[in-house]
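Chemist:
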Amino acid sequence: MVGSSSCKLSHDTLTCALATCWTATFLGHMIDTARGAGCQIVYLEVRPSNIQARHLYRTVGFQQIAIRPDYYPALDGREDALFLGLTL
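Numbering of the sequence shown is given in the working numbering, commencing with residue 2 and proceeding in unit increments.
1. Classify residue 83: buried if its beta carbon has 16 or more other beta carbons within 10 angstroms, exposed otherwise.
2. Taking DSSP as the reference, what is the three-state secondary structure of residue 62?
3. For the alpha helix (DSSP H) containing residue 81, name the first residue and the last one.
4. Do residue 42 and residue 89 count as a contact pair if the criterion is CB distance below 8 Å?
5. Helix, strand or coil for residue 55? Go by DSSP, reduced to three states.
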């Protein structure tokens with residue numbers, strides 16, 4: 002996926018999947034939008050194997066809250082999700 006994104010806003014939940022090249026830009030926009038809307042915390046899930054995304058989220062200030070076992074389909078079965086939160 003290059004230069005594309007997919008988002009869904011439902012009540013207080015924004016679900017997004019986007020290309021790596023858009024991740025940092027979109028993440029900053031998402032945080033600014035959430036802050037402007039009065040949100041107090043932003044949550045997201047990330048695959049433990051996605052080292053680049055984990056580094057970005059950690060750099061921005063996201064903290065790991067929990068692990069969701071077998072959350073994602075993977076080539077060798079299932080992969081956990083790291084559940085992260087950022088207090089605004």
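Ideal Cβ positions, reconstructed from N, Cα and C, are used throughout, including at glycine.
Modeler: If we stick to the structure as given:
1. buried
2. coil
3. Residue 81 -> not in any alpha helix (DSSP H); beta strand (DSSP E) instead, spanning 78-88.
4. yes
5. helix
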